[in-house]
Amino acid sequence: FGTPTTSFFICTFWMIKSLYRIGEKQRAIDMFENVLKHSNHLDLFSEGIDLASKRLLGNFPQAYSHLALIDVAMVLNDTY
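Under this note's numbering, the sequence shown has 72 at position 23, and the numbering climbs by one with no breaks.
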């Protein structure tokens, strides 16, 4: 399929959670902090992002993206 040009936020958050769970904790934290920079001015996320332009794509705001964000935040905080 070639090199991806877009990314779904929910998949990115799943990857961060997986990295953390396999012991790549600092990498996961760094990636999480980087992803947070790509929300809009209200700290909301859409369904996905164009990797080149950083433009938010798809449904907005996207509940699944936010649920995954909350899930990862809890894991990174070692609360579950």
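Beta carbons are placed, not taken as given, at the ideal position from N, Cα and C, and that holds for glycine.
Cβ-based neighbour list, residue i, same chain, cut-off 7 Å, excluding 5 preceding and 5 following
i: V121; result: F62, I65, K66 and F81
i: H115; result: F94
i: G97; result: T55, S56, F57, F58, L106 and G107
Own chain, CB closer than 6 Å to residue i, minus 5 neighbours either side, in chain order
i: F109; result: S95
i: A77; result: I65, L68 and Y69
Residue from the options with nearest C-alpha to residue i
i: F58; options: Y69, L91, L85 and L125; result: L85
i: L125; options: E73, F50 and H115; result: E73
i: N89; options: I78, A77, R104 and D79; result: R104
i: N83; options: A112, L118 and D127; result: L118
Cross-strand partners of residue i (DSSP beta bridge)
i: N127; result: Here residue 127 is Asp; the residue named in the question, Asn, does not match the sequence. Note: D127 sits in no beta bridge, so no partner.
i: G97; result: F57 and L106
Contact belief for residue i with residue j at Cβ below 8 Å, rounded distance in angstroms
i: D99; j: L106; result: 6 Å
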